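Just so we're aligned, residue 0 is where the sequence shown starts under numbering that gives the first Met the number 0, counting upward by one.
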Amino acid sequence: MTGSMSKKLKIKYIAIIALVTAAFVAACITYMFVFRENLQEDNKIYFDNVAVEAARSYESELRSLLTSAETLAKLFPNFNTMSEAEKIEHLQEVASLNDTFYDLVYINANGEAISPNNGSAILSRRSYFEMALKGVPNISEVLTNDFTGTPVNVFAVPSYTGQHITGVLACAMETADLVEILNTDTFGGKAANYIINSDGVVILPPNKDILGLSAGITPFESIEPNSDEPINLTQRDAHGNFTFTHDSDTYYASFDAIDANAWIVLTVALLKDINSVTNNVFALVMVFTVSFTVVFTSLLLIFGVFTWFSKRRYNEVVGERDYLKYTDALTEAPSYEKFIIDVNEAFNIEAPGKEHAMISMDISKFRTVNDHLGHDEGSKVLKKLADVVGRNVKDGEAYTRVSADHFYILIKYETEEHIFERINSIINDAYYDIQEFKLVLLFGIYKIDDVFMDLRSMVDRADLARKTIKDNNESTSAFFNSDMLSKIREEKKIENVMESALECNEFKVFLQPKYDLQNRSEIIGAEALVRWFRDGKMIPPGAFIPIFEKNGFILKTDRFVFEEVCKQQRNWLSHGYSMKTISVNVSRMNLYQPNFAREMYDICAKYEVPTKYFEVEITESVAFENLDVLTRVFRELKNYGFHISIDDFGTGYSSLNMLRNLPVDILKIDRSFLTESYDKRANDILSHVISLALALHMKTICEGIETKDQAELLKGFGCDMAQGFYFARPMPIEEYEKLLYSTATAK
Ligand code: C2E
Ligand code: MG
Ligand code: MG
Numbered sequence: 000m001t002g003s004m005s006k007k008l009k010i011k012y013i014a015i016i017a018l019v020t021a022a023f024v025a026a027c028i029t030y031m032f033v034f035r036e037n038l039q040e041d042n043k044i045y046f047d048n049v050a051v052e053a054a055r056s057y058e059s060e061l062r063s064l065l066t067s068a069e070t071l072a073k074l075f076p077n078f079n080t081m082s083e084a085e086k087i088e089h090l091q092e093v094a095s096l097n098d099t100f101y102d103l104v105y106i107n108a109n110g111e112a113i114s115p116n117n118g119s120a121i122l123s124r125r126s127y128f129e130m131a132l133k134g135v136p137n138i139s140e141v142l143t144n145d146f147t148g149t150p151v152n153v154f155a156v157p158s159y160t161g162q163h164i165t166g167v168l169a170c171a172m173e174t175a176d177l178v179e180i181l182n183t184d185t186f187g188g189k190a191a192n193y194i195i196n197s198d199g200v201v202i203l204p205p206n207k208d209i210l211g212l213s214a215g216i217t218p219f220e221s222i223e224p225n226s227d228e229p230i231n232l233t234q235r236d237a238h239g240n241f242t243f244t245h246d247s248d249t250y251y252a253s254f255d256a257i258d259a260n261a262w263i264v265l266t267v268a269l270l271k272d273i274n275s276v277t278n279n280v281f282a283l284v285m286v287f288t289v290s291f292t293v294v295f296t297s298l299l300l301i302f303g304v305f306t307w308f309s310k311r312r313y314n315e316v317v318g319e320r321d322y323l324k325y326t327d328a329l330t331e332a333p334s335y336e337k338f339i340i341d342v343n344e345a346f347n348i349e350a351p352g353k354e355h356a357m358i359s360m361d362i363s364k365f366r367t368v369n370d371h372l373g374h375d376e377g378s379k380v381l382k383k384l385a386d387v388v389g390r391n392v393k394d395g396e397a398y399t400r401v402s403a404d405h406f407y408i409l410i411k412y413e414t415e416e417h418i419f420e421r422i423n424s425i426i427n428d429a430y431y432d433i434q435e436f437k438l439v440l441l442f443g444i445y446k447i448d449d450v451f452m453d454l455r456s457m458v459d460r461a462d463l464a465r466k467t468i469k470d471n472n473e474s475t476s477a478f479f480n481s482d483m484l485s486k487i488r489e490e491k492k493i494e495n496v497m498e499s500a501l502e503c504n505e506f507k508v509f510l511q512p513k514y515d516l517q518n519r520s521e522i523i524g525a526e527a528l529v530r531w532f533r534d535g536k537m538i539p540p541g542a543f544i545p546i547f548e549k550n551g552f553i554l555k556t557d558r559f560v561f562e563e564v565c566k567q568q569r570n571w572l573s574h575g576y577s578m579k580t581i582s583v584n585v586s587r588m589n590l591y592q593p594n595f596a597r598e599m600y601d602i603c604a605k606y607e608v609p610t611k612y613f614e615v616e617i618t619e620s621v622a623f624e625n626l627d628v629l630t631r632v633f634r635e636l637k638n639y640g641f642h643i644s645i646d647d648f649g650t651g652y653s654s655l656n657m658l659r660n661l662p663v664d665i666l667k668i669d670r671s672f673l674t675e676s677y678d679k680r681a682n683d684i685l686s687h688v689i690s691l692a693l694a695l696h697m698k699t700i701c702e703g704i705e706t707k708d709q710a711e712l713l714k715g716f717g718c719d720m721a722q723g724f725y726f727a728r729p730m731p732i733e734e735y736e737k738l739l740y741s742t743a744t745a746k
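Dropping the structure here:
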């Protein structure tokens, strides 16, 4: 039970950890992805800004180059009116002033070009010439120098004479130089800036061309934007961005129009470079999160497993302890402690329309089972009976084996008939399960009318009802009624005052003389019988001894009586009187005290009275309850020198054979054998019991002799001793002393 519970707990624990961890990881990862996406969007915005800056830088570089060209153009007024030689000389002069452009060409309004090295060509169809002649300074696309064949770009600006455009100054710059001038270290060198025209054709590639697009290529033909949205470059203020995949790498491009020829600067970088910091941080956070999760989960698991182990060990220890505490060792039925808990729980469970009944059950004359089948078999019967009772107890009910064959059962019922059904079910099951012995079960039933009553009172009432069942077993069950209650009250009253009664010397020891039957005149000893005097009245032992036996106070009472007797014997010893044995009655509870014999001996030693002057009377009804314990205690007592007698012999059901094993000195034959009138069969039994005792080397004493005839009869049977009203009643010690020693002489 404990094991499966722990297993369930363990699975539950691991499931909770797994769920919590999974939820935590899922939440972290989701959050991080969202966070990364936001950061990546921010990165793009940042890149857009960088691209705009690059475009502005390009714009200003180109503008400044155009301005340089315009400055040079101002040096050509009336150029057309010069002679050819003057023109070349002037051109050379101006060229020497300039260190920006590698070649200057003057083109007159007819498109006739003249260069400083006397080269000439007709350039009237060139678009840069046409635009400049219209007054628009501009930069050409990449052209091939007509004279040198190198790729160049021409900065074409109008040349004025007065207010009129009289020609165009075309300042050529090698494309490689222009690229070098424009080159800016954009985005830490990881971005490339392409100048394209509104048709998407590359006008100027960057000096580090990450896409491999040379001038004249239309990037939008070789690269495919990932978005379906068209890219509009035709506007003068074109501005935007897009992602595209090229050679299986994803790039991000941001474009911005510049104020030169309606060109556009397209800034491109690998998307992973743009997001490199974010991605690195993301990877770091991921590694951290995963590591943290692994460490956290491991710790949680270690902690869980550790807790589980210590809890399991704790449960084992508590379980073992509880098992011993809450389980009856012999039958494994719930102990009385467990019964208390179960009954409380039963009362707390709602049971509409149902009442509770407390049943006290025992086996009629159980000792005969032990007697006939042996002690071990007797134990087996009890185990089987406990099983039967356990099977018949339903949920929300309770039971316990409180002692030997005595059980308490709490049941729920609706009608009295229902109670009988439940009882009959137990009887039937016991009949089938324990066929080797025909058990008669007795049931005392208390229909609980007050669930707040203490449990002790409930079981007392059930016990009381059971004890009213007569031995003839006409009926095997009885209900508690209020008349019985006065008996319980009486018992309670006695319990309330017993302690103080002992302290206030309300208990007195009486002695009843025992006689040598063969010589009537000689007292051979006495039996100590306790008397309780309260409020001037004597309470007979029968009214309190059974109660003391139930609540344990009998231990104190027996000890008190024994000490009183010891004191008295000491007294007589000191006076030098001839000593007689005095017997004391010892209740069964004493026998289960671990050092009983030793304590008896210690008391004798305390008063310095030899143990041989004492006899211990143990009633037959107790004698065969637990033969092992009894044999041990008898031997110990015997070893200390006490005499031992079996009291009330004949009232129980002990086997005479068992007497053989016990060191018993005297058999006290119960007075029930004595009949008032002549009864041959009873006399036969009596005479044979006496003969048997003789054969077993035991002495016999018959108690309760009230008539001369009885005394004579027993004398005739060979009975050794006698005790009874015929000889003397129990009397105070002083009286006994007088009777014994008035005529006696000191030794
Ligand atoms: P018991 O040990 O069998 O004691 C004998 C009982 O028989 C005594 O009753 C005694 O007064 C009574 N008796 C003696 N002669 C006659 C007679 O001729 N006729 C009749 N009818 N009765 C006679 P008592 O003193 O009332 O004691 C009753 C029982 O209480 C005792 O039976 C004994 O079992 C128990 N008892 C008495 N004193 C003590 C004690 O100090 N300790 C323990 N554990 N039990 C005690
Ligand atoms: Mg006795
Ligand atoms: Mg007796």
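Just so it is clear, CB atoms sit at the ideal spot from N, CA and C, and this is done for glycine as well. If you're wondering where the values come from, they're calculated on a predicted model, not measured in any experiment.
Contact under 9 Å by Cβ, residue i with residue j
i	j	result
L384	L438	yes
S253	D47	yes
E705	D669	no
R390	D428	yes
C565	Y591	no
L103	S119	no
F532	K492	no
S582	A525	yes
S359	V496	no
L510	M730	yes
I180	L64	yes
N196	E140	yes
I546	N589	no
S126	E111	no
T650	F613	no
Beta-ladder partner(s) of residue i, from DSSP
i	result
S476	F442
E376	None, per the DSSP bridge assignment.
M720	D515, I700
P593	Answer is none; P593 lacks a bridge partner.
F406	M360, R400
E526	Q511, S582
G318	Beta-bridge pairing links G318 to no other residue.
L142	V151
I665	S644, K698
P157	V167
Residue i, enclosing beta strand (DSSP E) - first and last residue
i	result
D515	506-515
D646	642-648
K536	536-538
Y251	248-256
A268	263-269
Y193	190-195
Y105	102-107
S119	119-121
Start-to-end residues for the alpha helix (DSSP H) that takes in residue i
i	result
H163	No alpha helix (DSSP H) contains H163, which is instead part of the beta strand (DSSP E) from 163-173.
F128	126-132
A500	481-502
D770	Examination of residue 770 is not possible in this model, given that the chain is present from 0 through 746 alone.
H687	679-694
F346	335-347
E736	732-740
L572	553-573
K393	Premise fails: K393 is in no alpha helix (DSSP H) and is neither H nor E.
I418	415-432
V608	Taken as a continuous stretch (DSSP letters only), V608 belongs to no alpha helix (DSSP H), as it is neither H nor E.
Presumed contact (8 Å Cβ cut-off) between residue i and residue j, rounded CB distance
i	j	result
Y398	P333	7 Å
N79	T165	6 Å
K441	D361	First, the residue type needs correcting, since residue 441 is Leu and not Lys in the sequence shown. That belief holds up - the Cβ atoms of L441 and D361 are roughly 6 Å apart, short of 8 Å.
G134	P157	5 Å
Residue i Cβ short of 8 Å to ligand 5 heavy atom set
i	result
T650	What this structure holds is ligand 1, ligand 2 and ligand 3, not ligand 5.
task = Any chance you could list the alpha helix (DSSP H) runs of at least 4 consecutive residues sitting entirely within the region 29-99, in chain order?
result = List check, alpha helix (DSSP H) in window: 83-96.
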